[in-house]
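Numbering (this note's numbering), first residue to last: 107 to 452. Everything on this sheet refers to the single structure shown next.
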C-alpha cells in the first residue's frame, strides 16, 4: 500500500499541475510553434514536462529518504541530478531553441555523470564489456535521450511508450527482488500527463519531457545491473527498440542523403504510418500493441529464462523489429507518399 501511495501522489501532483500549466502557457503565449515540420495546426502548450518531472523528483526524493535516509538519496543523486540537468537543457530549448550543437554538448555533459559515478553496463548477454563499459554506457544514455525526443511526434506516443517500458521495468525489478518504486512513481507522473496529451492533445510533452523520459528509461536499468543479470542491457534495448530503431533509420537516411544528422525531417516512423493512411489513434493502438509484446518478452527473458535462452530471445526480438521497420520503410517508398496528409485523430 505504501508504494500505491507514492504512485498516487505523483499522479495527483502531475494531473493537478497540468491544467495550471496550460492556463499560464495560454496567457503567456508559450505554445509549440506551428511550422512545416509539425503535425499540429493549433496553438498547443508544450510544457507538459513541468507536470511530470517535479512530481517524480519530489516523490522519488521522499521515497528514498523514507527508505534509507540521506545515504539512499545520495546513492541515487548522480542519476537524479543528471536527469534534472538533461530536463533543464530540454526546457531551455523549449523556450529559446538552442542550436542543435549546443543542445548536444549539454546533453553529453549530463549523460557523462552516471557512468563516471559507477552506473555502468558490465555485460551484453554473455559478452563482458571490459574497457568498453564506460563509453557504451555513455552512448546508451545519450542515444536514448535523443531517441525518445525524436519519437515524440504525435499525441501520446512518447508518453505512452515510456509508460509501458517503465511499467515493464518495474515488473522485472519486482520479480527479481529489486525495489520497483521509482519507475512506478514516474509511471504515476506520466499517467497524470497522458490524460491531457491524448488525441487531440491539450498540451505537449516538450523537449524537456521527452529527453528526461529517455534518460530515466536508460538510467533505471543501470541501477539494477548487479541484481538482474547479464541480459539486463540486451533487455533494456528490447524495451526501447521502437525509438532506437527509428533513430538508427534516421541516421541511415541522413547519411544516405548526405544531410546533417542534426537537421530534422518528416520521415520518422509515425510520419510514414500517417502517410500510409493510419490515423493518430490507429498509430497509437498499433505501436502500443507492439510495445506490450516487447514488454512481455522482456519480462519473460529476465524473470523466467536462463541467460543463454534469454539472450537468444533478445536477438530474435531485434530481428522481428528490424523486419517490421523494413516493411514499413519499403511500403512507404513503394506507394510514393512523400508528403503525409493532415493527421486524423479517430
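Ideal Cβ placement from N, Cα and C applies to all residues, glycine included.
Exercise for review: Answer with buried or exposed for residue 176, where buried requires no fewer than 16 other C-beta atoms within 10 angstroms of its C-beta.
Suggested key: exposed
Practice item. State the beta-bridge partners of residue 374 as determined by DSSP. Key: Its beta-bridge partners do not exist; DSSP assigns none.
Check your understanding: So, are the CB atoms of residue 352 and residue 274 less than 8 Å apart?
Key -> Residue 352 is not a Cβ neighbour of residue 274, given a cutoff of 8 Å.
Review point. Looking at residue 151 and residue 190, is the spacing between their C-beta atoms short of 8 Å?
Key: Residue 151 is positioned such that its CB atom lies no closer than 8 Å to that of residue 190.
**Study point:** Whole-angstrom distance between residue 336 and residue 107, CA atom to CA atom
**Key:** 32 Å
Review point. What residues in its chain sit with their C-beta under 7 Å from that of residue 322, if we drop five residues either side in the sequence?
Key: 189 and 292.
Check your understanding: Does the separation of the CB atoms of residue 270 and residue 394 fall below 8 Å?
Key -> Cβ distance < 8 Å, so residue 270 and residue 394 count as in contact.
Exercise for review: Please confirm if the region 307-316 is in contact with the region 231-246, defined as three or more CB-CB distances below 8 Å between the two stretches.
Suggested key: no
Practice item. To the nearest angstrom, report how far apart residue 354 and residue 363 are at their CA atoms. Key: Taking the straight line from one Cα to the other gives about 14 Å.
Point to revise | Through-space distance from residue 123 to residue 156, alpha-carbon basis | key: Here the alpha carbon of residue 156 sits roughly 8 Å from the alpha carbon of residue 123.
**Study point:** Span of the alpha helix (DSSP H) around residue 252
**Key:** 239-257
Practice item. Give the DSSP bridge partners of residue 233, in chain order. Key: 230
Practice item. Quick one: give me the first and last residue of the alpha helix (DSSP H) that residue 303 is part of. Key: Per DSSP, the unbroken alpha helix (DSSP H) holding residue 303 starts and ends at 287-303.
Review point. Exposed or buried, residue 121, counting other C-beta atoms within 10 Å across all chains shown (16 or more means buried)?
Key: Sixteen is the threshold: when 16 or more other Cβ atoms of the shown chains lie within 10 Å of the Cβ of residue 121, as they do, the residue is buried.
Check your understanding: Helix, strand or coil: which one does DSSP assign to residue 139?
Key -> coil
Check your understanding: For residue 272, which residues of its own chain have a beta-carbon under 8 Å away from its beta-carbon, when the five flanking residues on both sides are left out?
Key -> Counting only Cβ-Cβ distances below 8 Å, and skipping sequence neighbours, we find 289, 290, 292, 293, 296, 322, 323 and 326.
Review point. Nearest CA to the CA of residue 224: which residue from 215, 243 and 206?
Key: 243
Review point. How would you call residue 386, buried or exposed, if buried means at least 16 neighbouring beta carbons within 10 angstroms?
Key: buried
Exercise for review: Would you tell me roughly how many angstroms separate the C-alpha atoms of residue 281 and residue 416, rounded to the nearest one?
Suggested key: One C-alpha to the other measures close to 15 Å.
Exercise for review: Within its chain, find whatever has a CB closer than 6 Å to the CB of residue 339; leave out the 5 residues flanking it on each side and keep chain order.
Suggested key: Listed in chain order, the non-local C-beta contacts of residue 339 below 6 Å within the same chain comprise 227 and 230, local neighbours out to five positions each way being set aside.
Exercise for review: Could you give the DSSP three-state label for residue 436: helix, strand or coil?
Suggested key: helix
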